[in-house]
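First comes the structure, then the notes that go with it.
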Amino acid sequence: MQSLVKLALRHWPSAISALIVVSIVMTPHLLERMFVYFPIRQLDADPSLAGLPFEDVWLRTEDGLRLHGWFVPREGARATLLVLHGNAGNIGHRVAWIEMLRGASAHVLIFDYRGFGRSEGKPFEEGLYRDARAAYGWWEAAHGGSGEKLVLLGESLGGAVATELATRAPVAGLIVQSSFTSARDMARTMLPLGLLQPLAGVRFDSAARISNLRCPKLVIHGDRDEIIPFRLGRRLFELAAPPKDFYVVGGAGHNDLPWVGGAEYVRRIARFLEAL
Numbered sequence: 535m536q537s538l539v540k541l542a543l544r545h546w547p548s549a550i551s552a553l554i555v556v557s558i559v560m561t562p563h564l565l566e567r568m569f570v571y572f573p574i575r576q577l578d579a580d581p582s583l584a585g586l587p588f589e590d591v592w593l594r595t596e597d598g599l600r601l602h603g604w605f606v607p608r609e610g611a612r613a614t615l616l617v618l619h620g621n622a623g624n625i626g627h628r629v630a631w632i633e634m635l636r637g638a639s640a641h642v643l644i645f646d647y648r649g650f651g652r653s654e655g656k657p658f659e660e661g662l663y664r665d666a667r668a669a670y671g672w673w674e675a676a677h678g679g680s681g682e683k684l685v686l687l688g689e690s691l692g693g694a695v696a697t698e699l700a701t702r703a704p705v706a707g708l709i710v711q712s713s714f715t716s717a718r719d720m721a722r723t724m725l726p727l728g729l730l731q732p733l734a735g736v737r738f739d740s741a742a743r744i745s746n747l748r749c750p751k752l753v754i755h756g757d758r759d760e761i762i763p764f765r766l767g768r769r770l771f772e773l774a775a776p777p778k779d780f781y782v783v784g785g786a787g788h789n790d791l792p793w794v795g796g797a798e799y800v801r802r803i804a805r806f807l808e809a810l
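Residue 810, in the numbering used here, is where the sequence shown stops; the numbers in between run on with no holes.
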């Protein structure tokens, strides 16, 4: 995952110059796809590479798209983590992370948004929310009557997608990892003010939603996050309604957080699940 973000950051100055030019002639959705999402279509790995059992999952969105994901079971688990990943790569880049999450005694359901991996379509904000609802619908149909709990785990941009889904679905808990308060707050840290207007329609406004959520929440952030400032993660926690907990991973950046956290990272997630 680190190489994906480094690639995006290396080209960021030229992307800003391009934004000035293309904002004159391009639609908001096209701008959003160019500057917010960095999908990779080719899937180079699956959970079998880590020796994990898994099921290919195919989801159908309310606007008719077919999305691909995996359900990775864990024997004896009483909860499923529905993982909403970040804005780059695809689920194939997250196999090692899936293995760690499964170590928290949870099933893992992870899927690619439209336009990522094997999923159809092209990404845009409302589309990602629809994709998350499709994943929830699959879990509800397949596991909703089993007595298992469903907990959302949103990583980076996926934190905003998970927070939005939590306003609509009766989930047992919400974990937000390395995420931000809103797209506008995030853009202010990366773009000169005059360049915000072309992307003004991109909201991902977790700040406006998390204060109304009553489910238990765990906010996780690395204190050396070089992509999403730590202060935005802390502010998101401050805005969240109780019950809530804030787990600061000392020394962790944006993409190495699970590995810097190591066994303690897994324990904190497991403890959160056990308390639900």
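Just so you know, even glycine gets a beta-carbon here, dropped at the ideal spot from N, CA and C.
Annotation: residue 736 is outside any alpha helix (DSSP H) and is labelled neither H nor E by DSSP. Between residue 759 and residue 788, the gap from beta carbon to beta carbon is short of 7 angstroms. In terms of CA proximity to residue 634, 799 leads the group 799, 805 and 809. A distance below 7 angstroms between beta-carbons, with the five flanking residues on each side excluded, links residue 695 to the following residues of its chain, in chain order: 618, 662, 663, 666 and 688.
If you draw a straight line from the Cα of residue 802 to the Cα of residue 668, it comes to about 28 angstroms. Residue 641 and residue 676 have their alpha carbons spaced roughly 13 angstroms apart.
Taking the CA atoms as reference points, residue 748 sits about 24 angstroms from residue 639. In the three-state reduction of the DSSP assignment, residue 573 falls in the strand class, which pools E and B. It is roughly 30 angstroms from the alpha-carbon of residue 579 to the alpha-carbon of residue 782.
Taking the Cβ atoms as the reference, residue 723 lies roughly 14 angstroms from residue 741, outside the contact range of under 8 angstroms. Straight across, the Cα-Cα distance linking residue 636 with residue 718 is about 33 angstroms.
Judged by their CB atoms, residue 690 and residue 713 are nearer to each other than the 7 angstroms cut-off. In this structure, the beta-carbon distance from residue 590 to residue 624 does not fall below 7 angstroms. According to DSSP, residue 602 shares a beta bridge with 592. Within the same chain, and ignoring the five residues on either side of residue 762 in sequence, the residues whose Cβ sits closer than 7 angstroms to its Cβ are 690, 712, 713, 714, 720 and 788. Under the three-state reduction of DSSP, residue 566 is assigned to helix.
Listed in chain order, the non-local C-beta contacts of residue 655 below 6 angstroms within the same chain comprise 599, 648 and 649, local neighbours out to five positions each way being set aside. Membership of residue 617 in the beta strand (DSSP E) is indicated by the continuous run 613-618. Around residue 797, the same chain offers no residue with a beta carbon nearer than 6 angstroms, after the five sequence neighbours per side are excluded. Separation of residue 774 and residue 581 (C-alpha to C-alpha, rounded to the nearest whole angstrom) is 33 angstroms.
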